[in-house]
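**Q** First residue of the sequence shown: 1, per full-length UniProt numbering; consecutive thereafter.
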Amino acid sequence: MSHYHIHGHDHDHDHGDVFHSHAPIGKMKLAFFLTLIILVVELVGGFISHSLALLSDAGHVLTDIAAIGLSWFAMHQSQKPASEKFTYGYHRSGILAAFINAMTLIVVAVVILFEAIDRFRNPQPVGSTWMFISASVGLCMNLYLGLGLSKEDNINVKSAVLHMIGDAVASAGVILGGIIILFTGWYSIDPILSVLIGFLIAFGAWKIVKQTVGILMEGTPRGISLEEVIEKICSVKGVLNVHDLHVWSITSGKNALSCHVVLSNLVNFQESQFILREIEHKLQHQGIGHATIQLENEEHPHDESAICSTNDHEHDHHH
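(1) Could you tell me the distance, in whole angstroms, from the CA atom of F73 to the CA atom of V239?
(2) Does the region 59-71 come within contact of the region 33-45, defined as at least 3 CB pairs closer than 8 Å?
(3) Flag V239 as yes when its Cβ comes closer than 8 Å to any non-hydrogen atom of the ligand ADP, and as no otherwise.
(4) Which residue marks the beginning of the alpha helix (DSSP H) containing T212, and which one marks its end?
(5) Classify H22 as buried or exposed, calling it buried when 16 or more other Cβ atoms lie within 10 Å of its own Cβ.
(6) Go ahead and pull the three-state DSSP assignment for W248.
(7) Straight-line CA distance for T129 to M28?
(8) In this structure, what does DSSP give as the bridge partners for H290?
(9) Pull up the distance between the alpha-carbon of I179 and that of T35, whole angstroms please.
(10) Tell me the DSSP secondary structure of N142 in three-state form.
(11) So what's H302 in DSSP terms, helix, strand or just coil?
(12) With a threshold of 16 other CB atoms inside 10 Å of the CB of N297, please say whether the residue is buried or exposed.
(13) Take H302 and list the residues in its own chain whose beta-carbon comes closer than 8 Å to its own, dropping the five residues that flank it on each side.
(14) Given that a residue counts as buried once 16 or more other Cβ atoms are within 10 Å of its Cβ, and exposed if not, what is V111?
(15) Considering only residues of the same chain and omitting the five flanking positions on each side of T292, which have a CB-CB separation below 6 Å?
(16) Could you tell me the distance, in whole angstroms, from the CA atom of A97 to the CA atom of I181?
(17) I need the DSSP call for N101, collapsed to helix, strand or coil.
(18) Using alpha carbons as the reference points, say which of Y88, W206, E231 and S171 lies closest to I100.
(19) Tell me, which residues are paired with L263 by DSSP?
(20) Suppose you measure from the CA of T184 to the CA of A160; what does that come to, to the nearest Å?
(21) Starting from G45, follow the alpha helix (DSSP H) in both directions and report where the run begins and ends.
(22) Let me check one thing: in DSSP terms, what residues is L295 bridge-paired to?
(23) Does the distance from the C-beta atom of W248 to that of I208 stay below 9 Å?
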């Protein structure tokens with residue numbers, strides 16, 4: 001009897017830590033309380049100076065507090081171990097938090113826009129001194145927080161950082177507006193800045209919405225090509241074809257895959273295990289850390305298409 005010889009390689013991969021989170025919970029706690037200080041300063045400054053731009057920024061800061069608070073909560077949740085009810089653990093809680101954060105930001109942007117329109121119709125005098133003081137506090141603290149967390153590869157943290165950097169830019173704009181009002185008395189710059197802040201908030205939030213919806217809908221993760229994944233799997237000696245392929249994200253940066261792999265009838269069981277290890281090794285280098293692979297022979301009853309075209313997976317079973 002002929003054998004299909006596979007020269008296996010030992011690839012030791014620890015799959016137990018694939019979905020472990022290293023989120024900076026301590027940093028998020030600090031960010032929460034510092035952002036609370038920014039909110040108080042900007043609210044007081046906004047009411048005293050009658051600056052809509054500063055109050056708009058305070059509105060943005062309020063959503064920052066909600067964003068950071070939700071992220072903080074979600075990080076605690078994601079550290080819970082997997083259970084019979086939630087076999088992947090609680091990683092998606094962070095995605096839900098990021099989605100809620102982004103949607104609230106869009107609502108805030110719309111409210112700011114309507115308030116700015118009203119200010120254009122009814123201009124109000126604005127005190128520049130408090131604009132300087134309050135906006136400077138916001139600028140310094142948001143830059144400190146945003147830059148300190150900017151290198152974290154966690155969608156929740158990225159969502160919070162987006163809030164912080166957006167706030168820093170908005171605070172810089174408010175300071176600029178205060179300078180213009182101080183030297184020219186042109187109060188219309190205040191609602192103009194408010195509109196720009198609103199668009200800045202909405203643009204950043206929409207990017208987060210798209211990313212979180214993609215994960216919740218279990219779309220193919222960004223940066224992963226299905227064609228390339230199929231090519232890598234089929235390049236393993238003994239593999240004839242791959243079908244019923246699914247690649248998705250559990251949470252940002254935590255990718256999973258399931259598929260059916262067709263092996264030559266000449267491959268025995270021991271050789272099939274070498275093939276399986278080799279496929280897992282190649283998938284690791286594609287950024288896919290959790291793979292569920294069903295091995296089949298040439299007589300399998302399933303559709304050969306790479307992406308399954310049916311929802312109910314009805315297959316002919318021969319007994």
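The beta-carbon is built from N, C-alpha and C at its ideal position, and this holds for glycine as well.
**A** Taking the structure as given:
(1) 45 Å
(2) yes
(3) Among the ligands in the structure shown, none appear at all, so the ligand ADP cannot be discussed.
(4) I189 to L216
(5) Confidence in H22 is poor, its pLDDT being 43 and thus under 50, which makes the residue's placement unreliable; the coordinate value appears in the next sentence. H22 comes out exposed.
(6) strand
(7) 31 Å
(8) A256
(9) 25 Å
(10) helix
(11) coil
(12) exposed
(13) H243, D244, H260, E296 and H315
(14) exposed
(15) S258
(16) 39 Å
(17) helix
(18) W206
(19) V239
(20) 36 Å
(21) I25 to S49
(22) V261
(23) no
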